[in-house]
Every structure is written in C-alpha cells, then in structure tokens.
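Data first, discussion second: the structure below is written as structure tokens.
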Amino acid sequence: MSPNLANGIESQQPQRSHRFWFDDGSVLVSLVPSVYKVHKSILDRHSTKFASWLLDATDPAALTLSRALNHAKIQVIAIPGDQHIATEDFETLLAHLYHDSPLRHESSFHQLSCILRVSSPQQLGLTSLFELANRDLVALFPGGPAPFTHRHPTEYLEEALELAMQYDIHLETKKALLYSVATSTNFDPKGEYDPSGPGSDDTPGSAAPHLALSPRTLRICHRLLASLIADFTPVLFTVGAASHMACTDIVADRWMSDVITPALADGGVGRPLETLARITAWPWNEKGVCDECVESMRAEWSEMANKVWEKVSGWVEEAEQEFCRD
Numbered sequence: 013m014s015p016n017l018a019n020g021i022e023s024q025q026p027q028r029s030h031r032f033w034f035d036d037g038s039v040l041v042s043l044v045p046s047v048y049k050v051h052k053s054i055l056d057r058h059s060t061k062f063a064s065w066l067l068d069a070t071d072p073a074a075l076t077l078s079r080a081l082n083h084a085k086i087q088v089i090a091i092p093g094d095q096h097i098a099t100e101d102f103e104t105l106l107a108h109l110y111h112d113s114p115l116r117h118e119s120s121f122h123q124l125s126c127i128l129r130v131s132s133p134q135q136l137g138l139t140s141l142f143e144l145a146n147r148d149l150v151a152l153f154p155g156g157p158a159p160f161t162h163r164h165p166t167e168y169l170e171e172a173l174e175l176a177m178q179y180d181i182h183l184e185t186k187k188a189l190l191y192s193v194a195t196s197t198n199f200d201p202k203g204e205y206d207p208s209g210p211g212s213d214d215t216p217g218s219a220a221p222h223l224a225l226s227p228r229t230l231r232i233c234h235r236l237l238a239s240l241i242a243d244f245t246p247v248l249f250t251v252g253a254a255s256h257m258a259c260t261d262i263v264a265d266r267w268m269s270d271v272i273t274p275a276l277a278d279g280g281v282g283r284p285l286e287t288l289a290r291i292t293a294w295p296w297n298e299k300g301v302c303d304e305c306v307e308s309m310r311a312e313w314s315e316m317a318n319k320v321w322e323k324v325s326g327w328v329e330e331a332e333q334e335f336c337r338d
C-alpha cells in the first residue's frame, strides 16, 4: 500500500501544528490529522524509515495537503496509520530532536515512555534514541534478587511493565517489573485473566480491559505469581537449620511466630524476595542464636533469594512461550 493510502492524508482536514512549524522547514510531516513543517535532514539523520514514506512535491496526495494548508509545493512524509504513532509521542520526539525538551536521566516517566514508544523499531526506529530510553528505563526499574520493589516508583509500575513487554526491554528489568506487579499490586482484582481460573481460555471476551496491561501480560503475571507461591511455600514452612542443635531449637521455637505468621499476614508467601530479606534481617542473635549460626543462616537465605531470582527467568520464558504475542 502506498504511503498516501496508508496514511489517509485525504480523509481528514489537516491541522497545522503551532509548535513545530518552521519557516525554513524542508518537509511536511503528516501524522493525520496533524501536519508539521520540519527539517528533513534532522529526521533522516536519526532513522531511515522517513525516506520510505516520502512523497514528491508533485504527488497528488502531497499537492492536496499543500493546497489545504495554503502552502507552496513541498515534499511530504506521510507516516502510515498502521504505525500507531500517537500525536503526543511524536511531538515529544520533536521536542527532543529540536532540544526544546531533550530526554535526560532526570526526565519524567511520561516523557521517557513517549520517547521509548515512538523511537522503537516497531514505530519510527530511531535506534540510538531507543537505546538511550531503554537505558533510562532500566535505571529507573532495576532488577536483581534484592527486594527491589521498595525502590520502584509504584505509580508507574504497570505502565512500565507493559512498555517492557511490548518493546523487549532488558531482561533483568522486565523480570523486575513482572515480579513487582505480580507480587505487590492487585493487577487482576476479579481474576478474569487467570489462565488457571474456572472457564478461562486464551481470549476472554467478557473480561473488562485493563487500563495499562494487555491480556497477555496479565496472564503472564498470573503464571509468575503461581510459580512463586508453589516454589516458596515449602521453603517458608521448613524451619531454618542452624549449625548448632541449641540454635536450631531456638529458631524452631520462633519460626511460626516470627516467620510464618507475618508472611501469611502480608502475602509474603507470594513475595519470596521480601520475605527472605525480612527473615535475614531478623535479630536472631537477640533471641539467643549464636553469631556463627546467624551468619551461616543468613548466607543460606541470601543464596535462596539468588536461586528464586534465577528461577524467575525460566518461569517468565515459559509463560511468554505459552502466551504468544497477538
């Protein structure tokens, strides 16, 4: 399909941009219904996709657009509608390219998400900028076996997760976001997307759409949470063993009240990293456990957390294969 047909230039009244309309601009960019007059060299410097959507000034669709804007003949870049580029995202990109509001490490999450989407290979393919946005998202949502959820900006968790799922963000960050959303949010209150639920199937037609997460992501969160609970439950209900029998007896006496009960109260069964961190930080020596045994048990619990984090990779991979992209 030619760019003019895919773009639908002639189907809507064009709206001239007030912010990105430069008198010395060399090309019109049509993102229906908005039109921008910018510098072709700047766009071409960052992506090869624009050249493939370029219409000559004499092209009928380009002429129609120019006349509608009372403008002389000029080349037109007609961004196809099937690229699904939001006007706000594109204008955020232009603000970056023209240094009005460049993406920085301290930029807002909203700006970062706009740049990440529009620069991605699925949209405009600005490789270097996409890598920069990817790096900033990774810095904002770090991964690893530490109980990182307390460091994540909770107001952006679900939106950040969907970005990670859609645009193949670094695996450690994708794992971290999946873990955070699955274990610390009520991501599917009615369980409508639970693949293990009664009457569930791969395409629940009656389920209410989630504001931020796709059905695929919701199913993967369910699978991950189920795997975490199944894996950690026997660990939680197994009393930690110390090197000395006397110390083991003390731990056994305290295990129900100080380990299991708090975990049952706050959902720690499904939050193994946080629960293991809490067990590790508990003042066992104040309860009579010797320093040697405390040190060895803490090393063991730390290793358990590392193993959980390693297993998350496999669980996520299995779930992603089970629920393929639409």
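Here the sequence shown stands for residues 13 to 338, numbered as in this note's numbering. For each residue, glycine too, the CB sits at the ideal point set by N, CA and C.
- For Asp101, the CB contacts under 6 Å within the same chain, skipping 5 residues up- and downstream, are Cys126, Arg129 and Val130 in chain order.
- Relative to Leu43, the option among Ala80, Phe62, Glu334 and Pro92 whose CA is nearest is Pro92.
- Secondary structure remark: continuous alpha helix (DSSP H) runs of at least 4 residues inside the stretch 194-255, in chain order: 227-248.
- The stretch 77-96 makes contact with the stretch 30-45: 3 or more CB pairs, one atom from each, lie closer than 8 Å.
- In the displayed model, Gln27 falls within a strand according to three-state DSSP.
- Counting along the chain, Lys49 sits inside the beta strand (DSSP E) bounded by residues Ser46 to Val50.
- Asp206 and Lys61 have their alpha carbons spaced roughly 39 Å apart.
- Of all alpha-carbon atoms in Glu174, Arg28, Val301 and Lys202, the one lying nearest the alpha-carbon of Ala80 is that of Arg28.
- By the neighbour-count definition (other C-beta atoms within 10 Å, threshold 16), Ala293 is an exposed residue.
- DSSP places Leu40 inside the beta strand (DSSP E), whose first and last residues are Val39 to Leu43.
- Taking 8 Å as the cut-off, the Cβ atoms of Lys323 and Asp243 count as close.
- By the criterion of at least three beta-carbon pairs nearer than 8 Å, the stretch 147-167 is in contact with the stretch 107-125.
- Pairwise C-beta distances place the stretch 267-276 out of contact with the stretch 305-319, as fewer than three of them are shorter than 8 Å.
- With a beta-carbon spacing of about 19 Å, Pro26 and Leu105 fall beyond the 8 Å limit used to define contacts.
- The continuous stretches of alpha helix (DSSP H) do not include Ile86, and DSSP gives it neither H nor E.
- When DSSP states are grouped into helix, strand and coil, Leu190 belongs to the helix group.
- For Lys319, the enclosing alpha helix (DSSP H) starts and ends at Asp303 to Glu334.
- Excluding its 5 nearest sequence neighbours in each direction, Ala176 has C-beta neighbours in its own chain below 7 Å: Thr185, Lys186 and Leu189, listed in chain order.
- With distances taken between CA atoms, Met257 lies nearest to Gly300 out of Gly300, Leu169 and Cys233.
- Just so you know, the alpha carbons of Glu286 and Gln134 end up roughly 36 Å apart.
- With a minimum length of 4 residues, the unbroken runs of alpha helix (DSSP H) contained wholly in the stretch 93-119 fall at 99-109.
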